[in-house]
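Going line by line, the protein sequences match chains A, B, C and D.
Position one of the first sequence corresponds to residue 1 (my numbering), numbered consecutively onward.
Position one of the second sequence corresponds to residue 142 (my numbering), numbered consecutively onward.
Position one of the third sequence corresponds to residue 223 (my numbering), numbered consecutively onward.
Position one of the fourth sequence corresponds to residue 353 (my numbering), numbered consecutively onward.
Built from N, CA and C at the ideal position, the CB exists for glycine as well.
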Amino acid sequence: METFFKEAVVPHFNFWIYVIIMMIGLWSVIAKNNLIKKLIGLSIFQTAILLLYVSLGVKEGATIPIIDHHAAELSLAGDAAAINPDAIANPVPHVLMLTAIVVGVATLGVALALCQVIYKDFGTLEEDEVLQKIKALHDDV
Amino acid sequence: MIVAFDIIILVFLVIAAIISLSVKDLLAAAMVFGIYGFLICLLWAEMGAVDVAFTEATVGAGVSTVLIVATILNTRRKSTD
Amino acid sequence: MILTILSVILIVSGLVFFFGAAVGLMRFPDFYSRMHAAGKGDTLSTLLVISGFALYQFRDIHDFSHDWPVLLVVLKLLAIVVFIYLTSPTSTSALADAGWEDGIDPVIEPGRENHLEDDCHRTPPSSPQP
Amino acid sequence: MKAKIFASIAVAITGAVLLYAVTDFPNFGDPRSPANAGVEGGSPSASLYYIENTYRDTKVPNLVTAILADYRGYDTLFETVVIFTAGMAIFAILRVLRNENAPSAPSPDPEASNRTIDGDHHRIIVGITCRIAVPLVQIFALYVVAHGHHSPGGGFQGGVMLGASFILIALSGSLRDALARFSEASYIRLASIGILIYAGVAFLPLVFGRNFVDYGALKGLLGTDGEEMARSHGIFGVELGVAFTVMSIMFAIFANLSTRGRLKGGL
């Protein structure tokens, strides 16, 4: 038990919590009845994935991915050791996730617009009531 | 990267996620979701991803909360679960 | 050295006011007094903490012609202070106003009358039309 | 109830599988992990190349901006197109173009004067503060767009902040005030112009016989003394296009959502 805790949990504690956050989001997407609640759960699910990606680029003791002025001048002058890659966080996951966040809010807007259209047509945002009304609609025809 | 800071924010993150999914008032859920966005922003600033933190501060805590509130005010505020 | 001590004093007193605001938020009886504690304590403590940071930055200035970028940092911090002084009381006022419109009554000592009713009339709550 | 039991079982199984997989991950904060340093004995990670050579290639100290707009410019172009498409989708889903109560529309709404700062007593404080704050927010947003080469920021952040400033006008005053400054025709036009700026800057190198998004070819056109500075200026043009599109679409989404597509009245 203790070795499991030391080898599996402690070095990956943040990944464990990301999985928990992801499970909260997934559970709410399946089990919640209100459509807005489902969308909030979906956003939480999304942030768990973004967190996983960004934390893959973290380096212990590293700074932000903006090159210092002096180091930049030295590297232009030809000093290859001026920029230490281990002291700068990995910028690639940041780039990927930065665009994903903005695309995420735009698609959240589309989903909320669909919610408003559903409310206009059925008068409710509860999933079971919407399903009942759709069924009644089919029975009429 | 500071491990103690990391753990504190992650615990608050889980609490905020559970609260925002369990309150029945959707307006309160939207507000707690804004708090969740700010906590994520703090976590990213702490991980060294300043650009991502900046984006999350404007998008997650500002615009997406406003969009959810705009939808709630045009539909219904109470939810059954 | 003096600058360090001064900035530490400013930051610590700001934290004390933050603590007061948090205690007030937990302990006060109704919405309006809680808003009061949060708004007042928050604004003052933010001023104290950020001016402490600004003073701490001044330690790095030895030679002005070489260290002028530090002054830009100080100016940015002061701009944050001005902006918070502008927006924080406004948001407190807007929240209290929204609470009044929503029908939250202040807790008033028994035997006293509520003068707020005379000054501000409530608009009837508008129900969102489907 | 059945859905909740099913959801709990499904989530438990998924979580167990994921937690089992987590034990194979590299340790948190390990600088030698495959994502950071590449596979041992294999090729090094691409991020090492970016960190070591970005400043030499583009003269941009902020690595994220440089990679976003230069090395991965093709990717970002279509991310911007996705945002534009989302705005157009909301227009298609929600926008009500016919006037529903046209006969009675010309008489002014009695509540309309109540919604502006001057008519509504309750909005004086918020309205005046926002009148002071909005120009400051917009100046800071332009600074974020233009200074993204040297500090955190860039087209996406600045664009969202510019859009948020118009949302602030709509929330503090009325949506009509915001639409008077940034009408529907102009935001749709500006969103398209943003995409066109991005695609145009990315297309120009093809004219000089180089690859798509290879801004170094613009050296002669911009009159810079090296390909690096030309790439830096190319990045700035791209960021400007992104900022225009994101600003317009953010405000478009809010305006349509808050009025159910009528663009009248508002919150």
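- The residues S310, P311 and T314, in chain order, have a CB closer than 7 Å to that of C/G261 in the same chain once the five nearest residues on each side in sequence are set aside.
- Annotated three-state conformation of A/K38 is helix, per DSSP.
- At a Cβ-Cβ threshold of 9 Å, D/A530 and D/F596 do not count as neighbours.
- Put simply, the CB of D/E404 is near chain A, with a gap under 9 Å to one of its CB atoms.
- In the DSSP secondary-structure assignment, A/T63 is bridged to A/I88.
- When C-beta distances to chain A are compared with 8 Å, the residues of the segment 195-208 of chain B below that value are T196, E197, V200, G201, V204, S205 and L208, in chain order.
- Here the segment 430-445 of chain D makes no contact with the segment 88-95 of chain A; the two share fewer than three CB pairs at distances below 8 Å.
- Here D/G425 is buried, its C-beta having at least 16 other C-beta atoms within 10 Å.
- Residues of chain D with a Cβ closer than 7 Å to the Cβ of A/Q46 do not exist, since the nearest Cβ in that chain sits about 15 Å away.
- With fewer than 16 neighbouring CB atoms inside 10 Å of its own CB, A/E73 falls in the exposed class.
- Here the alpha carbon of D/V391 sits roughly 18 Å from the alpha carbon of D/T375.
- The residue among C/L269, C/G246 and C/Y278 with its C-alpha nearest the C-alpha of C/L225 is C/Y278.
- Neighbours of C/S255 in chain D, taken as residues at a C-beta separation under 9 Å, are lacking, since the least C-beta distance is about 20 Å.
- When the beta-carbon positions are compared, B/I209 and A/I40 come within less than 9 Å of each other.
- Chain-order list of chain A residues neighbouring B/F174: I40, S43 and I44, by C-beta distance under 9 Å.
- Look at D/I540: its C-beta is not under 9 Å from any C-beta on chain A.
- Between A/I24 and C/V304, the alpha-carbon positions lie close to 40 Å from each other.
- If you ignore the 5 residues before and after A/V54, its C-beta comes within less than 7 Å of the C-beta of P93, H94 and M97, all in its own chain and listed in chain order.
- Residue environment for D/R475: buried (at least 16 other C-beta atoms within 10 angstroms of its C-beta).
- In the DSSP annotation of this structure, the continuous segment of the alpha helix (DSSP H) that includes D/T366 starts and ends at K354 to V374.
- In this structure D/R541 is exposed. Its beta-carbon is surrounded by fewer than 16 other beta-carbon atoms within 10 angstroms.
- Beta-bridge partners assigned by DSSP to D/N414: A/I66.
- Bounds of the alpha helix (DSSP H) holding D/G546 are E536 to V559.
- The segment 188-205 of chain B and the segment 97-109 of chain A touch, with three or more beta-carbon pairs separated by less than 8 Å.
- Per the coordinates, the alpha-carbon of C/S255 lies some 46 Å from the alpha-carbon of A/L131.
- Cα atoms of B/A158 and D/A389: separation of roughly 34 Å, rounded to the nearest angstrom.
- Going by DSSP, B/D192 is part of the alpha helix (DSSP H) stretching over V191 to T199.
- Contact between the segment 554-569 of chain D and the segment 506-525 of chain D is absent: fewer than 3 CB-CB pairs across the two stretches fall below 8 Å.
- Residue state for C/E335 is assigned as coil, using DSSP reduced to three classes.
- Counting only runs of at least 4 residues, the segment 223-252 of chain C fully encloses the following alpha helix (DSSP H) elements, listed from N- to C-terminal order: 224-249.
- A/E126 sits in a strand when the DSSP states are folded into three classes.
- Rounded to whole angstroms, A/E129 and D/K356 show a C-alpha spacing of 17 Å.
- Counted as a single uninterrupted DSSP element, the alpha helix (DSSP H) harbouring B/G175 occupies residues L167 to M188.
- Taking C-beta separations shorter than 7 Å and ignoring five residues to either side along the sequence, the partners of B/M188 in its chain run M142, following chain order.
- Considering only C/G263, C/M248, C/E335 and C/D252, the residue with the shortest C-alpha distance to C/F240 is C/G263.
- Under the DSSP assignment, C/H288 falls in the alpha helix (DSSP H) whose first and last residues are F286 to D324.
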